[in-house]
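Asker: The structure under discussion is supplied below as structure tokens; questions concerning it will follow.
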């Protein structure tokens, strides 16, 4: 695969992932209402999923899935690799969608929702730059640097996950107990 093809995949995957996040930021609360799911329930479920991702990052766990030579060859010849698995689920999986829905549904203020949308755009801008320059970045930080960064980000992600779960559980408990 040429560098131009890799850059094209990075561009398309980032645009699709960003579009999906913006869609859920704008419509996520309405989707929850249709299914009768509270933001707090999603907060707890998403926090658990997010913690699993963070825990794997803390352990620098490599995927346990085995890939055959045939699957590698098939993935290289596919034109839609930017959709699956890159845009979905790697860049916008369940934990990402949960985070976006929870953050955008936290406040009724339009300014808060605009900040969430701006954060999505900034995040995927950083993702694009990272994917576009991934070889150079990896040469710069090396194998050990990549593991250190992964573990540090895993720690912050774990803290965010715990925050999601504790706030969600507290809000559910408060609603059931009649505490305001």
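Numbering (the numbering used here), first residue to last: 9 to 188.
For every residue, glycine included, the Cβ atom is placed at its ideal position computed from N, Cα and C.
In whole angstroms, what is the alpha-carbon distance linking residue 28 and residue 100?
Answerer: Using only the alpha carbons, I get a separation of about 7 Å.
Asker: Determine the DSSP secondary structure at residue 142, reduced to helix, strand or coil.
Answerer: The answer is helix: DSSP assigns residue 142 an H, G or I state.
Asker: Considering only residues of the same chain and omitting the five flanking positions on each side of residue 95, which have a CB-CB separation below 6 Å?
Answerer: 21, 24, 25, listed in sequence order.
Asker: With DSSP as the reference, label residue 14 as helix, strand or coil.
Answerer: In the structure shown, residue 14 sits in a helix (DSSP, three-state: H, G or I).
Asker: Go to residue 59, then tell me how far its alpha helix (DSSP H) extends in each direction, as first and last residue.
Answerer: From DSSP, the alpha helix (DSSP H) with residue 59 extends over 47-66.
Asker: Can you give me the C-alpha to C-alpha distance between residue 97 and residue 169, rounded to a whole angstrom?
Answerer: For residue 97 and residue 169, the distance between alpha carbons rounds to 18 Å.
Asker: Among 117, 54, 63, which residue has its Cα nearest to the Cα of residue 158?
Answerer: The shortest Cα separation from residue 158 among 117, 54, 63 belongs to 63.
Asker: Would residue 165 count as contacting chain D if we go by Cβ distances under 9 Å?
Answerer: Absent here is chain D; the protein component of the structure consists of one chain.
Asker: Does the Cβ of residue 186 have 16 or more other Cβ atoms within 10 Å, making it buried, or fewer, making it exposed?
Answerer: It is exposed - the Cβ of residue 186 has fewer than 16 other Cβ atoms within 10 Å.
Asker: Using the rule of at least 16 other Cβ atoms within 10 Å of the residue's Cβ for burial, across every protein chain shown, is residue 73 buried or exposed?
Answerer: For residue 73, the predicted structure reports a pLDDT of 46, less than 50, and the residue's modelled location is therefore unreliable. The matter cannot be settled from this model.
Asker: So, do the segment 45-55 and the segment 124-135 have three or more beta carbon pairs nearer to each other than 8 Å?
Answerer: Contact between the segment 45-55 and the segment 124-135 is absent, because fewer than three Cβ pairs lie under 8 Å.
Asker: Just to confirm the assignment, what range does the alpha helix (DSSP H) spanning residue 111 have?
Answerer: Here the alpha helix (DSSP H) through residue 111 covers 102-113.
Asker: Could you give the distance in angstroms between the alpha-carbon of residue 134 and the alpha-carbon of residue 141?
Answerer: Computed Cα separation, rounded: 11 Å.
Asker: Can you list, in chain order, the residues of its chain with a C-beta nearer than 8 Å to that of residue 36? Leave out the 5 residues immediately preceding and following it.
Answerer: Within the same chain, residue 36 has close Cβ partners 105, 108, 109, 112, 113.
Asker: Three-state secondary structure (DSSP) at residue 171?
Answerer: Helix at residue 171.
Asker: Excluding the 5 residues flanking residue 61 on each side, which residues of the same chain have their C-beta closer than 7 Å to its C-beta?
Answerer: 103, 165, listed in sequence order.
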